[in-house]
Structures are given as structure tokens and as C-alpha cells.
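Colleague: Attaching a single structure in C-alpha cells format; questions to follow.
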Amino acid sequence: MPRLLTLDDVDVKGKTVLVRVDFNSPIDPETKRVLDDTRIKAHGTTTIKELAEKGAKVVVLAHQGRPGEPDFTPLKEHAEILGRILGKSVKYVDDVFGEKAQNAIKQLQNGEILVLENVRTFPGERKKASPEEHAKTEFIQKLAPLADLFVNDAFAAAHRAHASIVGFTAVLPSVAGRIMERELKALSRVLENPEKPCVFILGGAKADDSLDISRYVLGNNVADHILTGGVVGHVFLVAKGYDLGKPNMEFLEKKEAMSLVPG
């Protein structure tokens, strides 16, 4: 793996730093409250805390859910939770890149933290485009001039060519946060020098991603065996001819997983 630029390679004191994290958390469908703060704590106690302690003006970018889904909520509570975890005041603004967000960023002092609104409230956030194309959007054009550095710490979302993930990399110096650094180093060890025998356990709802991973690790002699569960396991069972019953089949259709089963 090429050398990864991290927080160790930059001086952030007095700098305005945009840090993309993954705060996406389970949400109670009725109360709209965060049910599990694990991801907020993971980023808060590592990358965000380090940036603040080193005197950066920290601007947090994150998403929660998808538009139209029950877990698509503002990040106000996420900011409050982050403040409790860090034991300090964390600012929040219900704006992504408009005048309110810009003014809040300009007013930040060294060591302060600001959480912007859910980036997916911007309609162009989820458009699949190149870094150069995203860099031309209003989102990037409005925020990039206010920042000195972009830190990507959202490993779980890093495979998505979304505006807040790739757009800033085209116009700002960019490094990996601590979560991103840790995950990439672990992934590199597994793929480049796996201990044998090597078993992969693949599950969850993103069956297409898991199938791509399966092809790669088997084709490159990384994995000796693959165990599947969740939607991924169901897809393999259907492909082998098993009848999983109407509810399961309808669920797979809803997840668009049946398109992965050979006709």
C-alpha cells in the first residue's frame, strides 16, 4: 500500500480543518433519538479529540440515514452526544454550507468543534461523480475556501464517491484520520500478508459488495473459506435452489438482492 498521509504529517494548530466522519447511528423510528453512540464515540475520542487538543478549528461533516428513510435525521443530538463524550461544548448549526454554516466556521476559535447539518440534506451529496466534478458543486465551493485541510475519517463510507467524501480532496490538502488509518492498515495486512488458513465472514445487507469481495479474495488466494450470513447468506441459498419462504423472498426483492442471483 502506498504511504498513507495521516495527522502525523500535518500541523493543525490554528488551522480550520474539515473532518468527514461516520456518525451514522441506529435511530429509534418513533422518538428519532440515537440508540447507540458507538460510532460517535469512536471518532470523538480519537480524531476529533486529537484535532481539538492540537489547536485546530474542527468542522465536522457527517451523514445520518438516507432521505426518505425513518433514520434520516438532523445531527443536533449527535453534536450533543459528542459534547458529553468529550466533556466540552460542541457547537451545532442546522446548515451545511449556507450563510449560517459559513459564519459559524469563521467564528470558531482554536480547539473548538462545530458539527454541521446532515450532509445528505444537500441533494447533490449522493450523486456519483469524480472528485473534480464534485469540487465544482456549491457545497465544496462554499466550504473549501474557509478551510486549510480536509481529513477523511469515514472509513465505512469511503467507498462512496459522494461530495463530502471525495470533493474536498480535489481542492484541499487531505489526510486520513485515525479511524481511517487504523482500518486501512488492518485491511492491508489481511490482503497483502494473510495468516493461513484465512476465513472471511461476510454478512449484512450489502450483498453486491460482499460478492465483489468474495470474488477478489478467492481469486487472489487471500481467503481459504468464506462464511456467509444475513442477506448475503440468503442470496447464496436462493442461488442453490432453496425456498426461503415468501417473507424472506420479498425482503430480498426489497433489498434488490435478487438481481444478484443467476437466472
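Numbering (the working numbering), first residue to last: 3 to 265.
Backbone N, C-alpha and C define an ideal beta-carbon position, used for all residues, glycine too.
The model shown is predicted, which means the values in this text are computed figures rather than measured ones.
1) For a quick check, are the C-beta atoms of glutamate 127 and alanine 159 less than 8 Å apart?
2) Below 8 Å, how does it come out for the stretch 199-216 and the stretch 166-183: are there three or more Cβ pairs, yes or no?
3) Just the C-alpha distance for leucine 77 and leucine 84, rounded to the nearest angstrom, thanks.
4) Can you give me the start and stop residues for the alpha helix (DSSP H) that phenylalanine 141 sits inside?
5) Where serine 190 and valine 224 are concerned, what is the direct C-alpha to C-alpha distance, given to the nearest angstrom?
6) Glycine 57 and isoleucine 29 - do their beta-carbons sit closer together than 8 Å?
7) Would you check if the stretch 174-189 and the stretch 38-48 touch, i.e. whether three or more CB-CB distances between them fall below 8 Å?
8) Inspect the beta-carbon positions of leucine 148 and leucine 174 and report whether they are closer than 8 Å.
9) Does the stretch 116-126 come close enough to the stretch 92-100 that 3 or more CB-CB pairs lie under 8 Å?
10) Among all the DSSP beta bridges, which residues are the ones paired with serine 176?
Modeller: Reading off the structure:
1) Counting from 1 along the sequence shown, the entry for residue 127 is found at position 125. Counting from 1 along the sequence shown, the entry for residue 159 is found at position 157. For glutamate 127 and alanine 159, no; Cβs fall outside 8 Å.
2) no
3) For the purposes of this step, residue 77 is identified with residue 75 of the sequence shown, where counting begins at 1. For the purposes of this step, residue 84 is identified with residue 82 of the sequence shown, where counting begins at 1. The straight-line gap from Cα to Cα measures roughly 10 Å.
4) Within the sequence shown, numbered from 1, the residue matching residue 141 stands at position 139. Where phenylalanine 141 is concerned, the enclosing alpha helix (DSSP H) stretches over 140-145.
5) For the purposes of this step, residue 190 is taken as the residue at position 188 of the sequence shown. For the purposes of this step, residue 224 is taken as the residue at position 222 of the sequence shown. If I take the Cα positions, the gap works out to 11 Å.
6) Here residue 29 is taken as the residue at index 27 of the sequence shown, counted from 1. Here residue 57 is taken as the residue at index 55 of the sequence shown, counted from 1. No, the Cβ-Cβ distance between isoleucine 29 and glycine 57 is not below 8 Å.
7) yes
8) On the sequence shown, residue 148 is found 146 positions in, with the first residue counted as 1. On the sequence shown, residue 174 is found 172 positions in, with the first residue counted as 1. Their beta carbons are not under 8 Å apart, which means leucine 148 does not touch leucine 174 by this criterion.
9) yes
10) Numbered from its first residue, the sequence shown carries residue 176 at position 174. Answer is Phe152, bridged to serine 176.
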